[in-house]
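Residues 298 to 704 in the numbering used here are what the sequence shown spells out, letter by letter. The beta-carbon is built from N, C-alpha and C at its ideal position, and this holds for glycine as well.
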Amino acid sequence: MAAKAATAEKVEFLYEGTNRGGSKVKGEIFALSDTLAKNELRKQGINPLKVKKKPKPLFGGAAKIVPADIAIFARQMATMMQAGVPLVQSFEIIGQGSDKQSLQKMILGIKSEVEGGVSLAEALSKQPLYFDPLFVNLVNAGEQSGALETMLDKLATYKEKVEALKAKVKKALFYPIAVLIVAFIVTVILLVFVVPQFEELFTSFGADLPALTKMVINLSQFMQSWWWAIAGGIAGAVMLLLRIKKTSPRMQEAFDRAALKAPVVGEIATKSAIARYARTLETMSAAGVPLVEAMDSVAGACGNIIYYKASLKIKDEVSQGTQLQTAMRNTGLFPNMAIQMVSIGEEAGSLDAMLARVADFYETEVDNAVDALTSLLEPIIMAVLGVLVGGLIVAMYLPIFKLGSVV
């Protein structure tokens, strides 16, 4: 516990000095104080001339580390190791080359741990927010077998494919949500700022207004009087739903189950979960991790609580001697094609290769489904926007048309 506390309190210092050859060098180092930083530099053969705490940037320094950053980090480490660059030097190069302050600090912190004699897997395990048990376990397996660079390459490929799949699913959801939000904002602006101008004009006419125009004016008056309650209610409802989903397993399961059964989107969510299941299990199997042990990591990688529970059920059945294909069929969540491919892999002793093909197939299916959804939604969204905005405009001009016909 003391070691962990000390690591957490380390500060980043900038240094300038000379190496054993007399050449000027500069860089960054983590230490508890400037004195300890100088001592560490002397151990590395560097004569420190200037050591100062690294100032925090005013903007962008605290950018959050996202999974895509970890995928890039894994690929960079794999490339460095394959090129024969020593592990500690790889961390130094990657850390110094990162534009994101938080990522740089994390990488250089791992470097300090490894320099202190800690294994890479143990150093990564101290960053649980960024490196999940799957990542740590595979790195540990690579270190134990002496094939760390091969394992890092597999991890990099795995992370890249998983993040690419997540991006496709987000793309499917982002476009319609963004357009609907814009439509809502435009409608509110029309009702709050534009319609009142027409209302003043219509009042001066002193004539009866068409029913559609009256309805829009009443809606505008309601929005002007209660906009704060509407905005607060929507924001509160969204925050409440997100909090309930995060804190209540039953609600999370209900949301995930509804997502799988939703029209069009449900197909994408299902194929995405199967692809992530197959890709994770393939990576673990290729690394030589026993099937039962692998299922815990597979469950956590599915991204859906329904498939999470199904994976744990598969683990229990496999641990009792049931074949993987049979356990998958018993869940009722996997299509026949995926089960048949797994069956062939089990019979032929090439499970990882067949799982890779299953993952490739469903990743392509997700890509195609996203493109199809986008093509389907574009005309529908345009029609909705046309009816919504066009309806407001027609409602405002109807009295003017009526007045013109009378004149």
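Status (buried if at least 16 other CB within 10 Å, exposed otherwise) for residue i
i	result
N336	exposed
Y604	buried
L689	buried
S442	exposed
L452	buried
G392	buried
Q494	exposed
R573	buried
E675	exposed
M377	buried
A645	exposed
F428	buried
M512	exposed
Q373	buried
G687	exposed
L355	The predicted model places L355 with a pLDDT of 49, which falls under 50 and marks its position as unreliable, so this point remains unresolved.
S545	exposed
A532	exposed
L462	buried
L538	exposed
Simplified DSSP state of residue i, which is helix, strand or coil
i	result
K361	coil
F519	helix
K323	strand
A328	strand
F631	coil
K335	helix
C599	coil
Y659	helix
F356	With a pLDDT of 47 at F356, under the threshold of 50, the predicted position of this residue should be treated as unreliable, though the coordinate-derived value follows. Coil at F356, not helix or strand.
L426	coil
L384	helix
L506	coil
G314	strand
K408	helix
Nearest-angstrom Cβ-Cβ length linking residue i and residue j, presumed shorter than 8 angstroms
i	j	result
E595	L621	In the sequence on display, residue 595 carries Val and not Glu. Contact flag wrong, Cβ pair sits at about 11 angstroms.
S517	E496	7 angstroms
L673	L578	Wrong, their Cβ atoms sit about 32 angstroms apart, outside the cutoff.
K568	A666	6 angstroms
M710	A584	For residue 710 there is no data in the structure shown, the boundaries of the chain being 298 and 704.
I362	S330	26 angstroms between Cβ atoms; not a contact.
K323	E313	4 angstroms
S422	F327	The pair is not a contact, with the Cβ atoms about 18 angstroms apart (cut-off 8 angstroms).
L250	T484	The structure shown has nothing for residue 250, since the chain only spans 298 to 704.
N434	V586	7 angstroms
V492	I514	6 angstroms
D450	A365	18 angstroms between Cβ atoms; not a contact.
Range of the contiguous alpha helix (DSSP H) that encloses residue i
i	result
N627	L621 to T628
L449	L445 to I486
V436	P430 to S442
K350	K350 -> not in any alpha helix (DSSP H); beta strand (DSSP E) instead, spanning N344 to K350.
K397	It is not in any alpha helix (DSSP H) - K397 carries neither H nor E in the DSSP assignment.
L767	Residue numbering for the chain in the displayed model covers 298 to 704; residue 767 lies beyond these limits and cannot be assessed.
CB contact check: residue i to chain C, cutoff 7 angstroms
i	result
E419	Considering every chain present, this structure includes no chain C. It has just one protein chain.
Inset, instruction - Just list the alpha helix (DSSP H) runs in the stretch 508-594, keeping only unbroken ones of 4 residues or longer that don't cross its boundaries, in chain order. - result: 508-544, 546-558 and 562-583
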